[in-house]
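Each number in this note's numbering comes from the position in the sequence shown (counting from 1) with 82 added on. For every residue, glycine included, the Cβ atom is placed at its ideal position computed from N, Cα and C. Computed from a prediction, not measured in an experiment: that's the story for all the values here. Read through the structure below, which is laid out as structure tokens, and then see the notes.
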Amino acid sequence: MMIGMIQSQNVHLNGFGLYVKSRAQLAQSHQRQFRRWLSNRRIAVVSAHHALVGQALSEWSRERLYLSLDTTMVWNCFCIVWVGAVYRGRTVSVAWRVVAQSSSAVRLGTIQSVLRQAAKVSAQWFGNCPTGRPRLCR
């Protein structure tokens with residue numbers, strides 16, 4: 083299913099069904115199968131995402147990377163606080179946290195927890211750098 087999402091460049095359940103090899107014949111069968119997969123509690127989404135991002139960032143580390151901190155409101159009831167790596171005009175999320183609130187103004191503790199999460203991921207692909215400046219640690 084991950085390969086189907088990548089090939090179709092679409093995250094909607096109906097969008098990547100054509101790229102998934104399955105015995106399912108009907109669109110409803112594909113949707114049920116995808117929903118079961120997405121609701122599987124044994125899949126550690128954060129760990130899988132960090133592994134994928136870490137692999138990509140290890141390839142990109144030859145270039146200067148910029149990190150951005152942003153908040154996004156969803157349905158006026160959830161605020162997503164996230165840190166992303168800017169690469170070639172796009173931002174790839176590195177760490178995030180979803181907060182149930184109706185405002186994009188978040189507490190400092192929430193921002194700090196997202197930054198700590200991003201620091202853990204960045205330590206994996208840059209290594210522990212005592213100077214805080216990864217380019218100087220090579």
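I need the DSSP call for residue i, collapsed to helix, strand or coil.
i, result
"I88", "helix"
"S175", "strand"
"V188", "coil"
"A223", "Because residue 223 is not part of the residues shown, which for the chain are 83 to 220, the question remains open."
"S121", "coil"
"S104", "coil"
Just the C-alpha distance for residue i and residue j, rounded to the nearest angstrom, thanks.
i, j, result
"V127", "S186", "24 Å"
"L139", "R123", "27 Å"
"V188", "W164", "12 Å"
"A205", "G136", "10 Å"
"S129", "R198", "15 Å"
"Y169", "Y148", "8 Å"
"G86", "V174", "19 Å"
"S111", "S121", "15 Å"
"G191", "V156", "20 Å"
"E145", "V181", "33 Å"
"Q113", "Q91", "17 Å"
Would you call residue i buried or exposed, if buried means 16 or more other Cβ atoms sit within 10 Å of its Cβ?
i, result
"L151", "exposed"
"C161", "buried"
"V196", "buried"
"A167", "buried"
Identify, in the order they occur along the chain, each residue of the same chain with its Cβ nearer than 7 Å to the Cβ of residue i, setting aside the five sequence neighbours on each side.
i, result
"N158", "S184"
"V203", "H132, V135, G136, V176, A177"
Can you check DSSP and say which residues form a bridge with residue i?
i, result
"L151", "V165"
"V180", "I162"
"V156", "F160"
Tell me which same chain residues have a C-beta within less than 8 Å of the C-beta of residue i, skipping the five on either side of it?
i, result
"I193", "L151, V163"
Near residue i, which residues of its chain fall below 6 Å by C-beta distance, leaving aside the five closest residues on each side in sequence?
i, result
"A200", "V165, V176, A177"
"T154", "I162"
"E141", "none"
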